[in-house]
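>
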Ligand code: PXP
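In my numbering, the protein residues as written are 516 to 768.
#1: Would you say residue 583 touches the ligand PXP, meaning its beta carbon is less than 7 angstroms from a heavy atom?
#2: For residue 521, which three-state DSSP category applies?
#3: Any idea which residues DSSP pairs residue 730 with across the strands?
#4: In the structure shown, what three-state DSSP assignment does residue 725 receive?
#5: Residue 668 by DSSP, collapsed to three states: which one?
#6: Give me the Cα-Cα distance between residue 712 and residue 738, rounded to the nearest whole angstrom.
#7: Determine the burial state of residue 549: buried for a count of at least 16 other Cβ atoms within 10 Å of its Cβ, exposed for fewer.
#8: Could you tell me how far apart the beta carbons of residue 587 and residue 606 are, in whole angstroms, since I believe they sit closer than 8 angstroms?
#9: Would you identify the three-state DSSP class for residue 591, choosing helix, strand or coil?
#10: Under the assumption that residue 721 contacts residue 673 (Cβ atoms under 8 angstroms), give the Cβ distance between them as a whole number of angstroms.
#11: Less than 8 angstroms between the CB atoms is what I'm expecting for residue 667 and residue 706, so what's the real figure, rounded?
#12: Are the beta-carbon atoms of residue 671 and residue 731 separated by less than 8 angstroms?
#13: Drop a sphere of 10 angstroms on the beta-carbon of residue 523, count the other beta-carbons inside from all chains shown, and report buried for 16 or more, exposed for fewer.
#14: Among 683, 681, 634, 643, which residue has its Cα nearest to the Cα of residue 660?
#15: Over the uninterrupted alpha helix (DSSP H) stretch that includes residue 769, give me the two end residues.
#16: Can you find a heavy atom of the ligand PXP that lies under 7 angstroms from the Cβ of residue 733?
#17: Check for me: the beta strand (DSSP E) holding residue 550 runs from which residue to which?
#18: How is the beta strand (DSSP E) around residue 558 delimited, first residue to last?
#19: Identify every residue that forms a DSSP beta bridge with residue 706.
#20: Taking 8 angstroms as the limit between beta carbons, can you name the residues of its chain near residue 699, skipping five residues before and five after?
#21: So what's residue 476 in DSSP terms, helix, strand or just coil?
#22: Give the C-beta separation of residue 533 and residue 542 to the nearest angstrom, bearing in mind that I take them to be a contact with Cβ-Cβ under 8 angstroms.
#23: In terms of DSSP beta bridges, what is residue 586 paired with?
#24: Can you list, in chain order, the residues of its chain whose CB lies under 8 angstroms from that of residue 569, leaving out five sequence neighbours each side?
#25: Quick check: the stretch 586 to 602 against the stretch 610 to 617, are at least 3 beta-carbon pairs closer than 8 angstroms?
#26: For residue 618, which three-state DSSP category applies?
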């Protein structure tokens, strides 16, 4: 049976731009509403330990305003578990987190976090939160994700997206395909994401069992260019209108 692929839009980098000036705009809540209007099936936010982009206030406001599921990406820490308990998002995606990294580098090592993960997944599931683990396309990691009771996984597509030769890319794509197939056979729901953009998404979106792709940076980047002409035009118009009005007032006085 044909099922469409879902798009989870990650709006973290709208908050990155906002935070760069410490003002209230661009507002990630408005960005989420616009993404929904354009067909986003879910909104993803990563509440990082250092709050470098999305902040606590954003996730609680989104909980009030979203009409599509919220996917909260978070590290497996006591602090984040408390946030998830209070917030109750539809989904939690457990990710590894290093303070100094630019973005999530590599998947969560579910093998060395097995016991901690099992407890967290049981706890979050008891709160009706669907939990996924963000893992590399590795059979061993998938097997442990299944074992600890993660009903969903998200396959890290970074190696594929960042490949700098045709051979490396095709090998990485093959690893993603094999991983998705294996996870699907185990009965896991499979999402994928990281580094997907307008040039490389098609090969991943074409992998049939994948349920949802989570995409952020490339969409926010494209939005800047798609919107820049209008933004400049509107600013210039405001300035010219103001100048015309000022001349008219001056002429009258
Ligand atoms: N999925 C997960 C688990 C992530 O951590 C990220 C990055 O925050 C993404 C998807 C989106 O990656 P990108 O911004 O490269 O599209």
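Just so it is clear, CB atoms sit at the ideal spot from N, CA and C, and this is done for glycine as well. The model shown is predicted, which means the values in this text are computed figures rather than measured ones.
Quick answer:
#1: no
#2: strand
#3: For residue 730, the pairing in a beta bridge is given by DSSP as 524.
#4: strand
#5: strand
#6: Going by the C-alpha atoms only, they are around 12 angstroms apart.
#7: exposed
#8: 7 angstroms
#9: In this structure, residue 591 counts as coil in the three-state DSSP scheme.
#10: So it is not a contact: roughly 18 angstroms between Cβ atoms.
#11: 7 angstroms
#12: no
#13: buried
#14: The candidate whose alpha carbon is nearest that of residue 660 is 634.
#15: Nothing can be reported for residue 769: it is not among the residues displayed for the chain, which extend from 516 to 768.
#16: Shortest gap from the CB of residue 733 to any heavy atom of the ligand PXP: under 7 angstroms.
#17: Here residue 550 belongs to no beta strand (DSSP E); instead the alpha helix (DSSP H) covers 543 to 552.
#18: 557 to 561
#19: DSSP lists 669, 727 as partners of residue 706.
#20: A distance below 8 angstroms between beta-carbons, with the five flanking residues on each side excluded, links residue 699 to the following residues of its chain, in chain order: 705, 724.
#21: This structure leaves residue 476 out entirely; the chain is present only between 516 and 768.
#22: About 7 angstroms separates the beta carbons of residue 533 and residue 542, which is inside the 8 angstroms limit, making them a contact pair.
#23: 559, 606
#24: 526, 527, 530, 543, 560, 561, 562, 563
#25: A contact exists between the stretch 610 to 617 and the stretch 586 to 602.
#26: coil
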